[in-house]
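Notes to accompany the following structure.
Numbering (the numbering used here), first residue to last: 1308 to 1472.
Put into structure tokens, the structure is as follows:
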């Protein structure tokens, strides 16, 4: 499984993607908060029954070590911190490596969050004269512009010199 994108985690924690983004973040939060298992067994129970007995005794309410929950909570509190997003991405990968159920759930979540993924954008404007609005960014929709016609150029004036033949 590929690592979860740091940019995706930071964007979702910051509320990007509207309702779909909030739902994806909530679903990831639920997944992370499920009991931590190692190789399909509940952490701390030893019997793999999943009944909750013997789990986290004396540690009620505290997340299991390696659960990724502390990293999730820290990123939710400060979504602009790229280091926290990297820490969560790493913690998710570590947990997925040791918990087959979590790995499967994370893979399903990642597939569903696919349309929300952020990507690199490279915008460049060069040469020529621009007389209308220019947008630089990604994923624009539903935009329209009403702009005047570009000014006419008199061929005798405002024409750049040409190189000699």
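A virtual CB, placed ideally from N, CA and C, is assigned to each residue, including glycine.
Query: Where residue 1439 sits in the DSSP three-state scheme; Result: coil
Query: Residue range of the unbroken alpha helix (DSSP H) whose run includes residue 1377; Result: 1376-1384
Query: Contact set for residue 1450: own chain, Cβ-Cβ below 8 Å, skip 5 residues either direction; Result: 1442
Query: Anticipated Cβ contact below 8 Å, residue 1376 with residue 1340, distance rounded; Result: 6 Å
Query: Three-way DSSP call (helix, strand, coil) for residue 1455 in this model; Result: coil
Query: Cβ contact check for the segment 1321-1328 and the segment 1394-1401: 3 or more pairs under 8 Å; Result: no
Query: Own chain residues within Cβ distance below 7 Å of residue 1374, not counting five before or after; Result: 1339, 1343 and 1402
Query: Sub-7 Å separation of residue 1407 and residue 1308 beta-carbons; Result: no
Query: Expected contact under 8 Å - CB spacing of residue 1332 and residue 1315 to nearest Å; Result: 10 Å between Cβ atoms; not a contact.
Query: Residue 1380 to residue 1418 span [Cα, whole Å]; Result: 22 Å
Query: Outcome for residue 1452 when other beta-carbon atoms lying within 10 angstroms are tallied against a minimum of 16; Result: exposed
Query: Whole-angstrom distance between residue 1437 and residue 1312, CA atom to CA atom; Result: 36 Å
Query: Residue 1431, buried or exposed, once every other Cβ within 10 Å from all chains shown has been counted against 16; Result: exposed
Query: Beta-carbon contacts of residue 1378 that lie in its chain and below 6 Å, excluding the five residues immediately before and after; Result: 1394, 1395 and 1398
Query: Helix, strand or coil at residue 1336 according to DSSP, with G and I counted as helix; Result: helix
Query: Sub-7 Å separation of residue 1317 and residue 1386 beta-carbons; Result: yes
Query: Boundaries of the alpha helix (DSSP H) in which residue 1402 is found, first to last residue; Result: 1389-1405
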